[in-house]
Structure formats: structure tokens, C-alpha cells
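> For this note's numbering, count along the sequence shown from 1 and bump the result up by 1. The structure is given below, and queries will be raised subsequently.
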Amino acid sequence: IFISAMLVQGSPQFAYQTLKKAAADDNLISTKLVLRGGETQDRFSLFVQKGIEFERAGDPSHASEAYKEALSEAIVPMNQLAWFYLRQGKLDDALPLARLAVNLSPKNAAVLDTLAEILFKHGEKNEAEQWMRKAASLDPRYRDKLAKME
């Protein structure tokens with residue numbers, strides 16, 4: 002997540018501060034997997050470990066896919082936190098999280114909607130409309146919101 006945040010934001014310090022702030026604001030709950038031996042491991046860590054193993058085995062294609070799977074575990078909480086910040090009026094906290102979620106899941110209409118709503122409230126109406134148009138093209142439930150932005 003940290004690396005993705007750095008890529009989207011361009012500033013390692015800003016990305017670190019954003020993720021640290023997000024972690025401090027909520028009690029994060031992780032999904033656990035029970036492995037055959039009875040031990041538990043969260044899905045994020047499992048996919049990261051698989052990525053490392055593929056990387057060590059010289060299989061960059063599978064390593065990349067495993068890392069992408071690990072990051073996909075963060076999309077929903079990231080989007081929810083961005084929406085939570087939006088409702089609290091913390092637009093500067095919400096925006097980087099929403100942009101990162103869209104970067105990780107560009108075909109998820111709910112994630113696109115969150116970014117569009119934040120941008121709209123932030124005064125960036127043209128960009129908001131573009132993202133809402135994409136959300137509406139993926140899911141017709143967002144057409145009414147698009148019409149209100151136009």
C-alpha cells in the first residue's frame with residue numbers, strides 16, 4: 002500500500018503520513034484465513050508472502066499478480082475511509098485515499114463514485130463529472146448522480 006501511495010502522491014513522506022493517519026483514525030479489522038494446520042494468516046500477508054516466494058523463484062508474472070491481490074485487500078477499507086472523511090468534511094484527507102483506491106480498482110463504480118463526490122465537494126467539478134460519467138457507464142445506479150453534476 003505504501004508503495005502505491007507513493008506512486009499516486011509522488012511524495013513518500015506525504016504517503017507515509019496519509020497511511021499513518023488513516024491507521025490511527027480507525028480500528029482496522031483484518032480478514033483471517035485458517036490454514037490446514039490450524040494457524041491463521043490474514044489474506045494480505047498471505048498474498049504478500051506468495052509474491053515474495055514467486056519473486057525468489059524467478060517468476061515475476063506470478064509475483065506481480067500476488068502483490069496485486071494483496072493490494073486488492075485494501076481497496077474497500079481505503080474507499081470507506083475516504084467516504085468517511087468526505088462525510089466529516091475532511092476533503093484533504095479523503096482525496097488521496099480515493100485517488101489511490103481508483104488507481105488500484107479503476108473499474109469499480111463505487112470507488113469511482115467516491116472519488117467523484119470528493120472532487121465535486123472539493124470544487125473540481127469537471128474532473129468529478131468525468132469520474133462520475135465513468136461510474137455511470139459501469140453501473141446505471143450512478144446515472145442520477147451524474148445528471149445532478151452536469
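Don't be surprised by glycine CBs; every beta carbon is placed ideally from N, CA and C. Because the structure is a prediction, the values reported are computed rather than measured.
#1: Just curious, the alpha helix (DSSP H) that N104 is in, first and last residue?
#2: What does the Cβ neighbour count give for A58, buried or exposed, with the cut at 16 atoms within 10 Å?
#3: Nearest to A111 by alpha carbon, out of K122, L92, R142?
#4: Taking the C-alpha atoms as reference points, what is the distance between A137 and E56?
#5: CA-CA distance, Q131 and A117?
#6: Helix, strand or coil: how does DSSP classify D114 here?
#7: Helix, strand or coil: how does DSSP classify E125 here?
#8: Between the alpha carbons of F45 and A75, how many angstroms are there, rounded?
#9: Indicate the three-state DSSP secondary structure (helix, strand or coil) for N80 in the structure shown.
Taking the geometry as given:
#1: 92-105 is the span of the alpha helix (DSSP H), which, as asked, contains N104.
#2: With fewer than 16 other Cβ atoms within 10 Å, it is exposed.
#3: Looking at the Cα atoms, R142 is the closest of the given residues.
#4: Whole-angstrom Cα-Cα distance: 38 Å.
#5: Looking at the two C-alpha atoms, the distance is approximately 8 Å.
#6: Helix at D114.
#7: Coil.
#8: Cα-Cα distance, rounded: 8 Å.
#9: Note: N80 maps to helix in three-state DSSP.
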